[in-house]
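Since the structure comes first, as structure tokens, the remarks are kept for the end.
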Amino acid sequence: MNFKKEPFESSFEICEEIGKGHFAVVKRCVNKTTGHAYAGKFIRKKRVCRGVPIEDIEREIETLSRMEHPGIIKFHDVYDTGQSVVLLLELVTGGELYEFVSQHKHLTEKQSVHIIRQIIEAVAHMHSQNIAHLDLKPENVLLVENCEMPTIKVIDFGLSHRLDSVAEVKAMFGTPEFIAPEVVNFERLTLATDMWAIGVIAYILLSGASPFLGDTVQETYANVSSASFKFDNSYFENVSDIAKDFISRLLQKDPKKRDSVFDCLGHPWLHHKVTEILTPPVTLLSAIKEGDIKVFEDVLNSGHVDVNQTNKNGETGLHLAAAMGQVEMARLLLMCGANVALADAEGDTALIHAARHASISILIMLIKAGACISVQNQEGDTALHVAAAWGELEVIKILVENGALLHIPNHIGQLPLHVAISRRHSNVALYLLNSGTDFDLHDSDGNAPIHLAVREGMLTVVQALCTMGSSVDTANNQGLCPIHIAARLGHTDIVRCLCLAACNTEIKNSDGIKAEITALKYGFNDISDLLNKVRSNYTRDLYIRQLVPNGQQLPRFNIQIFGHSGVGKSTLLETMRTGYFSGFFKRTKSNHFNSHYTPLLNTLSHPNSPSRTHIELDTTSRQNSLNFDLYNHQSTRGIDIQQVWISGLGYVTLWDFSGQDTYFCFYHHMITTSANHAILLLVFNLNDSPTIQYKQCCFWLSFLQARIPPIEPIGNCGKTSNTPRVILVGTHADVVRAPRLSSGDFNSPQAIALTKKLRMAFSTYFDIHPTPIVVDAHVPNSYGIKLLKTAISDIKNVMWQGSRQMTGFCEAIVSWLPSLRKSAESVPVMTWEAFVDEARVQVNPLASSDHFQMLFTQLEQMGEIILIGDLIVLSPSWLCGQVLGQLLSVDFITHARITGCYTVDDFQVAFPEADAMAMLEVLEALQLCIQCENDGELEYEFPCYNLVERLDGLWESSDNRYADGAYGGVRLKTPEGTTHLLHCIFPRLQVELRRTVLGYYDWQSDLYQWMGGSKLCFGAIESMITFETDAETGDESFEVKVRGPPGSGKNCFYFMEELLGIIDMVLMDVAPGLVVEKHLMSAYDLRTHAIPIYCYSPDILMKASLETTDLDTQVTNPLANTTESILQLISFGMDEEVRKVVCSAYGVNVDMLSTLCVQRVCSLLDPPDHHGKDWCLLAVQLGLTNKISSIETTPHSRTASLLHYYSYQNDTSVGTLIKKLSTLGREDVAKILMRYAPLYRVTSDAENNHQTSSDSSRNLSR
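In the UniProt record's numbering, the protein residues as written are 1 to 1262.
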């Protein structure tokens, strides 16, 4: 197979994109010599991590080269560009069959026969060569011309395989709604796999509906696997029986029973002369079917109309209206006396139709009109059965609440519960169980619900049934108990669940075979081993008792300590853990980074770039510094973690967080995100000035607040259930000679005043202990240390009141951990899966996923492990001190590679004490680096090491491409009064930007990164994402600028939204509690390259936007002495285009407000106002007087409850809410919304069409 190597661009002009996939993009390409146009399919080659393997590309080319058929896309040539392979294909311009069907809703039989015949003829050509396409779908069928009877071409042979009798092909690929049951079941694929897809396509062409499409991918797979479908009358009323026969012959679960491609060519439907049905005169039924309310009303008002007339299927107008969701038509029919009890030819009432199609409003209407809820159709199904089959939970809730009978069996003896389980609708099954349905009734096959749930692998339903006491040892008509079915199908977790429910593992099936042998027979050795271990009832009971809480509290808890370097954190911890006598012999704090790591610094290369010389290390104490630019050689490296016993407290895990800011980038993984997982100590130095003490404490509380997510529901005054407990500790009481009270305690009015001030400022987010602890950190057993221990003990007791109790399983795991750590000494890290497997072998084989979830929570509460993604760090001290304490130290960073890029071998040299690949996997899970490739070689990029300086010319005004081009920009800032919160997040953002580029496939995309900045280009559109610090105020921000050539404004707008979505995702990961202000940069200043660039604050923009509803309000740029509209600031010069896809604040619903924003609003409106201007008066302003009594009795925030009720009103916009607050005189609350509420919303249609990730205006307001 010869790939041309000459530069593709030298022979072809690459034009617009016409299609895109995961690793391929199709563009129109024109031969520069002949002028002939082709479709160029650019396939990214897989080098290391992403792309298509070269063997797969070669297979696609080999297949295409064999295809010589008018119904198959023609292959011309292939080029190898190094990074990608370009396939030159015939250019077809009529669009996809998918689009053609979408435009027509569905096709006539004549059109369908015309198209299906062509597809089958093309597939026959493939099958004659034993080639299966394996990805047939309307998107892979192109139209040569878009006309009534188009000619088609089959495309995309990327998944095609040549099938033979020697090698079996099994695969799990393809589009879910078109794949065959054998694909879902991972069985052998045959040519018949394509025939199933043709059957699905024919069904879609004739009806416009998909036979197997579910609400989720898993539901679709379940529908396909069961091969259960029907020709719904609402779609197939005018479709011939011969067409249905054609489809039915193809949608056979057994591939051997499907018609072959040659059988299809002889099927009468493809040769039958289809007589088009003449348009009948307009009737009541036809008006309903067409959905034309005006015609419907005209017919209804014409007089002498029988509202109960039926079609050939016995359906009345009420049936059709219910099936099509025509609420107004149904209402009018009922007013005119439509009979709700009439059934169609299959016995379905209008109520059953409404349940099947989830027409909620009509369902309620029919119930109120007296429709019988539990009437059965000819198959014995009630509306509840039908809703259960389709997984319509809301319908089921309405039916049950209105008295639907849960215990009526259908013609095969199944209750709605059986039906829901058979269709794999877990949520429906659980609701029915909680509603009191019979859970031990057997159907005509002898299957109780538990048999079916086990068969379908529905673990949550099996657990619920076992908890409710369902019989686990009854056999069905085949003589199979649930344990036999689970063993046969390999459902290990369900076997474990059944064992915990005390099933009889020794019971035999009708053939006299135990489940253990059954599992062995079908290759499920793990199940066989499990059943062998629990064969003894005594042993199994021991395992079960081990998983039950034993009434004891956890033996250890976490204390996390924060504060600037030099304030005395380490000394305080050493003193706390030192007894009275040992206090006389206190050791100097040891370096917890093992001594064998010390020579590492000496082996590192010296700085190899002048750009490194700007770093100056200052060894002076930084205790009096508010900044983070000084370096103390004696400060804690990373996080010093010690597990100790402290007198008066018991066993404790102490976490001493370094104040060195190079470590901040990984703290979000280690800081407790739950109020019940740790007690926080915030240490400050009494020898510092009151201003410095306050600023340092404010920084750490803001830092912690940013990393602890708020949990809904919001409580009174904005507090949430996840409010961490903080104790303030003032050190150096001896140095400042603080006076003592008669009790011996130090007295510091300064510390008391600081505590009061901080409690007032952070009361919404933290439970700060009312009494500061003032100590001389060098004196063990002093009164201050005792007082600190007492405060910690009191908080611990409160914290543990709501925590889970210890289990024997957890005790056994804690005892087992030391040996596990020892066996993985070099890199004590395991995957979640490996840990679970090993724990089941060594400790308890019956422990379920739920047990392990609770176990990991408890181990984290004790500081025994750290969870990072799917990795479990067995030794927190190793990772946080020995590894990250070294890798993120100033010493290491200043000697690291200036580009921040390491090959595996390079990293092994730099950090020789652990296996490089294993260590890099951990660092990648921490998002400190990302795997990428450079000229085919695997590298890891560490943005935190990147010290490259910004190159000149990255954003030049002289670039002619952008003269009169599209410009726009955003500056993201933290709230006023906060600082140094974004600095440590930017390297994480750079990791995400690299991941984004690797996820794209486009040869024109490019990313260049330097210290504090990134330039991301997509074709001719450029963006600059930089970390900025105001030289005067110290304020930090992320600055995002985007520009493109003239006419690219709309693409620039969506590109900006995509970038803001990436930033928002990073903030949600690193700082979920951080609210960010979105400032818009002057488009005029950006276009003219003015310095400085003026930024419009969000409150000014929101105030201006409320003057009109179309974002046309002008705002003033005082630096340029000009005005710009809000629309101009976001539209990149394409005002009218962007106007179509955005809504102003009057189009932003209050339910789009972030939890953080609502929390701030609640903190201001919940407290009673002495003028009555609180939530109650706002309720009156919003027209919710009738809800005040309900709101007043809520146990949660009254303001949050008010906003919830308000969101269901007609006009529920943020803009209206701000105006009402201003009218009320609550400008303070209005200001919160003006700064943090979304300024605009991108409409859903725009998001779908352009695949924008989200409404960033909402997300970044957070």
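Beta carbons: idealized from backbone N, C-alpha and C, even for Gly.
If we ignore side chains and look at the alpha-carbon of each, how far apart do residue i and residue j end up?
i            : j     : result
Q908         : S823  : 21 angstroms
E1137        : I1130 : 11 angstroms
D1166        : L758  : 20 angstroms
N594         : I868  : For N594, the pLDDT reaches just 37, beneath the cut-off of 50, and the residue's location in the model is therefore unreliable, leaving the point undetermined.
A916         : L701  : 36 angstroms
R577         : T672  : 22 angstroms
G784         : A733  : 10 angstroms
C336         : E96   : 45 angstroms
V1242        : M1056 : 12 angstroms
H451         : G370  : 37 angstroms
S1037        : L859  : 37 angstroms
C49          : E933  : The pLDDT assigned to C49 is 48, lower than 50, so where the model puts this residue is not dependable; a value taken from the coordinates is nonetheless given after this. About 8 angstroms.
residue 1270 : Q560  : Because the chain spans 1 through 1262 in this model, residue 1270 falls outside it and cannot be assessed.
V729         : F524  : 58 angstroms
L871         : G1034 : 38 angstroms
C15          : T33   : 15 angstroms
Can you tell me whether DSSP reads residue i as helix, strand or coil?
i     : result
E90   : coil
D734  : coil
C466  : helix
T831  : strand
F100  : helix
Y1208 : coil
E506  : coil
V1076 : coil
M172  : Note that M172 has pLDDT 44, beneath the 50 cutoff, so the model's placement of it is unreliable and the number below is only indicative. Residue state, collapsed to three classes: coil.
N685  : strand
G1013 : strand
G863  : coil
Y1094 : coil
E58   : helix
R1087 : helix
Y38   : strand
Q414  : coil
H76   : strand
Near residue i, which residues of its chain fall below 8 angstroms by C-beta distance, leaving aside the five closest residues on each side in sequence?
i     : result
T1108 : S1144
R424  : Q218, E219, A222, E456 and M458
S611  : For S611, the pLDDT reaches just 36, beneath the cut-off of 50, and the residue's location in the model is therefore unreliable, although a value from the coordinates is still provided. Here the set comprises I898, L947, V948 and E949.
Y694  : L754, K757 and L758
C497  : L459, V462, Q463, C466 and S848
What residues in its chain sit with their C-beta under 6 angstroms from that of residue i, if we drop five residues either side in the sequence?
i     : result
R725  : I679, D767 and I795
L520  : S528
S10   : none
W1010 : V948 and R950
A287  : V295, F296 and V299
Beta-carbon within less than 7 angstroms of residue i's beta-carbon, same chain only, minus the 5 sequence neighbours each way: which residues are those?
i     : result
G1225 : K1173
E145  : G94 and T151
Under a CB-based cut-off of 8 angstroms, is residue i close to chain C?
i    : result
E924 : Annotation note: the requested chain C is absent from the structure, which comprises a single protein chain.
*Minimum length 4: unbroken alpha helix (DSSP H) runs contained in the stretch 293–348*: Note on the stretch 293–348: whole alpha helix (DSSP H) runs with a minimum of 4 residues are 293–301, 317–324 and 327–335, in chain order.
_Touch test, the stretch 335–355 against the stretch 303–320, Cβ-Cβ under 8 angstroms, three pairs minimum_ = yes
*Can you give, in chain order, each stretch of the alpha helix (DSSP H) that sits fully within the stretch 514–573 and has at least 4 residues?*
515–521, 525–533 and 537–546
*Write down every uninterrupted run of the alpha helix (DSSP H) in the stretch 847–900 whose length is 4 residues or greater and which is fully enclosed by it, in chain order.*
849–861, 884–887 and 890–895
*Does the stretch 323–330 come close enough to the stretch 250–269 to have 3 or more Cβ pairs within less than 8 angstroms?*
no
*Scan the stretch 915–977 and note each continuous alpha helix (DSSP H) run of 4 residues or more that stays entirely inside, going in chain order.*
916–925
*Determine, using beta-carbon pairs with one atom in the stretch 702–715 and one in the stretch 884–896, whether at least three such pairs fall under 8 angstroms.*
With a cut-off of 8 angstroms, the stretch 884–896 and the stretch 702–715 do not count as touching, because too few Cβ pairs lie within range.
*Complete alpha helix (DSSP H) runs within the stretch 148–217 (minimum length 4 residues, chain order)*: 181–184 and 192–207
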